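Q:
Numbering (this note's numbering), first residue to last: 248 to 907.
#1: Counting along the chain, where does the alpha helix (DSSP H) carrying residue 574 start and finish?
#2: Name the residue from 795, 878 and 765 whose alpha carbon lies nearest to the alpha carbon of residue 448.
#3: In whole angstroms, what is the alpha-carbon distance linking residue 729 and residue 453?
#4: State buried or exposed for residue 427, treating a residue as buried only when at least 16 other CB atoms are found within 10 Å of its CB.
#5: Residue 503 and residue 558 look like a contact to me (Cβ under 8 angstroms); what is the Cβ gap, rounded to whole Å?
#6: Contact between the segment 729-744 and the segment 685-704 is defined here as three or more beta-carbon pairs at a separation below 8 angstroms; is this criterion met?
#7: Just verifying my parser: in three-state terms, what is the DSSP assignment at residue 622?
#8: Please determine, among 347, 478, 399 and 313, the residue with the shortest C-alpha to C-alpha distance to residue 329.
#9: If we require 4 or more residues per run, which alpha helix (DSSP H) segments fall completely within the segment 766-820?
#10: Is it the case that the segment 356-373 contacts the segment 510-519, given that we only count it when at least three CB pairs across the two stretches are under 8 angstroms?
#11: Look at the Cβ atom of residue 681, then the Cβ atom of residue 898, and state whether they are nearer than 7 angstroms.
#12: Under 7 angstroms between C-beta atoms, does residue 346 make it to chain E?
#13: Between the C-alpha atoms of residue 908 and residue 809, what's the straight-line distance to the nearest angstrom?
#14: Would residue 532 and residue 524 qualify as a contact pair, given that the criterion is a beta-carbon distance under 7 angstroms?
#15: Considering only the beta carbon of each residue, do residue 962 and residue 817 sit closer than 7 angstroms?
#16: Please state if the CB of residue 877 and the CB of residue 839 are separated by a distance shorter than 7 angstroms.
#17: Assess contact between the segment 643-656 and the segment 670-680, defined as three or more Cβ pairs (one per stretch) separated by less than 8 angstroms. Is contact present?
#18: Please state whether the Cβ-Cβ distance between residue 418 and residue 387 is less than 7 angstroms.
#19: Using the beta-carbon count (16 or more within 10 Å), is residue 753 buried or exposed?
#20: Could you check whether residue 841 and residue 901 sit closer than 7 angstroms to each other, using their CB atoms as the reference points?
#21: Tell me, to the nearest whole angstrom, how far the beta carbon of residue 607 is from that of residue 643; I am working on the premise that it is less than 8 angstroms.
#22: Might you give, ordered along the chain, the residues of its own chain that have their beta carbon closer than 6 angstroms to the beta carbon of residue 788, omitting 5 neighbours on each side?
#23: Given a threshold of 16 other Cβ atoms within 10 Å of its Cβ, counted over all protein chains shown, does residue 610 qualify as buried or as exposed?
#24: Does the Cβ of residue 628 have 16 or more other Cβ atoms within 10 Å, making it buried, or fewer, making it exposed?
#25: For the alpha helix (DSSP H) that residue 559 lies in, which residues bound it at each end?
#26: For a test of the three-state rule: what should DSSP assign to residue 699, helix, strand or coil?
#27: Does the segment 735-746 come within contact of the segment 428-437, defined as at least 3 CB pairs closer than 8 angstroms?
#28: Could you work out which residue in 549, 513 and 536 is closest to residue 527 when comparing CA atoms only?
#29: Does the contact criterion of 3 or more C-beta pairs under 8 angstroms hold for the segment 576-584 versus the segment 461-472?
#30: If we ignore side chains and look at the alpha-carbon of each, how far apart do residue 358 and residue 286 end up?
#31: When the Cα atoms are used, what is the spatial distance from residue 291 to residue 474?
#32: Pairs of beta-carbons, one from the segment 393-410 and one from the segment 757-772, closer than 8 angstroms: are there three or more?
#33: Can the beta-carbon of residue 317 be found closer than 7 angstroms to that of residue 304?
#34: Reducing DSSP to helix, strand and coil, say where residue 840 ends up.
#35: Is residue 533 near the ligand FAD, judged by its Cβ being under 6 angstroms from some heavy atom?
#36: Please report how far the alpha carbon of residue 311 lies from the alpha carbon of residue 289, in whole angstroms.
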């Protein structure tokens, strides 16, 4: 007899003697303490058995300590209540459980909860590992994993990024607006991997892919923390997506949202009739800007839910990093709250002590379980020690977004060139704190939405100047200490800001000025591979040296990036005015030949070609050999120097290895 031949029990009838379930005494102990690291293997639906008839069943387990009654309803019982019982282990555990012999993988289900006040709620499973595709909102008993991982080679070397022996360049992605008609994990894998690999990025960062009811939230209002969104297929599809990227040496970072969750009545909020996942005090349990609930970070079970969720993405999907969203909103009790809208901590301060402990615990546990993954904080304040070790008082993240660098750089370039001399320090200020943390330099989705305009639209001047300034900005980003991050579409240099309801404007790649930006990014990534001085000492002050940070009158900057061996250097010259600088003298650490490996004013990027290097005669895919002679004349504190023409609104990179 097949499993489908076993008749289901009548709805509401008691279950037969259950097969041995997955919840043991140790599980209950760890759940109570808030330290169960594999929560997804004991809560939610678990296949158990086989039972007496040789057929596997499904055990459901749910944390709902304040409910007076809990049932499960689903496809197999015509959505009629099938009761769960509270597990008693020397007292109530808050865990309700039952074995449902007729439940099968692929069935939809919800929990029916009767609150202490007698109200009946139908809730999606907080531990669901698969869901219906929105706008439907039922949980789904997951199909067994069939994907066999083939990424051992990648997994064995991904630690090189944290060790600083491999570069990281991040391409940020919103999958739903990547390309219309590319709607599945497998289709996305093919399209995304080819594009990202051709550009030369080392990692993608996905806007949140955990299930979320409202597509317009871009995934930042999560309802199913353990369920990859069903918009693109089943969980195995995500595994194949990640495996495909790993096969092309591209890491996968996922945005993770532990700060808050939406108020949809069928989801986490007021789950058992009480403030279960959210803090009971509205001043701490609700976010005034976003209209969402805030997790109760001081509650063992809630903290366990989130820490285990972080582990889940690493364990089940081989994710290489989490970018933790809205960290600043977690650190401060008065974040976006006015006088009278917040209450201080036990010491009278505005620090959210429980959230701080939660972040440290998450980073500690993740590091213990997966020491080779990235934990990146989107933290917008000057909170000290975000990437410092926990034992030294830090939060324990591997990286932090440098939003100060982003604001200063974009603010500077918004000024007309004639006025930039009065804002010269906006481009140098970030170097005063560049080594306080391990930084990512983001030009993210947040900067090209909500009326902020596109990156190209933020530049000043006529069309040619805007494109030149954008190329300058990108070269600045790539050559400053820190990990460059670009939101998808930046390589197309669109005039319009990002529209999540449409696909990227791919047609722009056929137009020379836009194609020039694409090809420039591609070229800079290749140069960074050839000249590791651009990144291998990002966290060392000795890896960066100003040659001239004070030429405000001409809005010129010059600096050196040093390789690990001290015998490789890349000298950068940036001109942020439309006035060419013929005969510009720049200091060099040694004489001999220096190769101009990048000129953003080259005609191949739609530049003016001021320096007269003929790129049209160069074969496709090759770079012109452009040599500058180092002279034995000291300059800018260096033993040698060179005289070179610098085009308008352009950047030059000169690279050499010491002849000694």
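A virtual CB, placed ideally from N, CA and C, is assigned to each residue, including glycine.
All figures in this text were calculated on a predicted structure; none of them were measured in a lab.
A: Reading off the structure:
#1: Where residue 574 is concerned, the enclosing alpha helix (DSSP H) stretches over 574-578.
#2: Cα-wise, what sits closest to residue 448 is 765.
#3: If I take the Cα positions, the gap works out to 20 angstroms.
#4: Here residue 427 is exposed, its C-beta having fewer than 16 other C-beta atoms within 10 Å.
#5: Residue 503 to residue 558, Cβ: 11 angstroms. No contact.
#6: Contact holds: three or more Cβ-Cβ distances are below 8 angstroms.
#7: The answer is strand: DSSP assigns residue 622 an E or B state.
#8: Comparing C-alpha distances from residue 329 to each of 347, 478, 399 and 313 shows the shortest one belongs to 347.
#9: Whole alpha helix (DSSP H) segments, 4+ residues: zero.
#10: They touch, by the three-pair rule.
#11: No, these two residues do not count as a Cβ contact at 7 angstroms.
#12: Annotation note: the requested chain E is absent from the structure, which comprises a single protein chain.
#13: Beyond the ends of the chain as shown, which are 248 and 907, falls residue 908; an answer cannot be given.
#14: Result no, Cβ atoms of residue 532 and residue 524 do not sit closer than 7 angstroms.
#15: The question about residue 962 has no answer, for the chain in this structure spans 248 to 907.
#16: Annotated as proximal: residue 839 and residue 877, with beta-carbon spacing under 7 angstroms.
#17: Cβ pair count under 8 angstroms is three or more, so yes.
#18: One thing to note: residue 418 has its Cβ no nearer than 7 angstroms to the Cβ of residue 387.
#19: Answer is exposed; the Cβ neighbour count stays below 16.
#20: Cβ distance < 7 angstroms, so residue 901 and residue 841 count as in contact.
#21: With a contact defined as Cβ atoms closer than 8 angstroms, residue 607 and residue 643 qualify at about 6 angstroms.
#22: The beta carbon of residue 788 is closer than 6 angstroms to those of 682 in its chain, skipping five residues each way along the sequence.
#23: Here residue 610 is buried, its C-beta having at least 16 other C-beta atoms within 10 Å.
#24: Within a 10 Å sphere around the beta-carbon of residue 628 sit fewer than 16 other beta-carbons, which makes this residue exposed.
#25: Counting along the chain, the unbroken alpha helix (DSSP H) around residue 559 starts and ends at 547-564.
#26: Three-state DSSP puts residue 699 in coil, outside helix and strand.
#27: Touching, no.
#28: The alpha carbon of residue 527 has as its nearest neighbour, out of 549, 513 and 536, the alpha carbon of 549.
#29: In short, these stretches do not touch, since the Cβ pair count stays below three.
#30: Residue 286 has its alpha-carbon roughly 18 angstroms from the corresponding atom of residue 358.
#31: Distance between the alpha carbons of residue 291 and residue 474: 11 angstroms.
#32: Contact check between the segment 393-410 and the segment 757-772: fewer than three CB pairs, one atom from each, fall below 8 angstroms, which does not count as touching.
#33: No; because the gap between Cβ atoms is not below 7 angstroms, this pair is not in contact.
#34: DSSP places residue 840 within a strand segment (E or B) once states are collapsed to three.
#35: As far as ligands go, the structure on display features none, and thus does not contain the ligand FAD.
#36: One Cα belongs to residue 311, the other to residue 289, and the distance between them is close to 15 angstroms.
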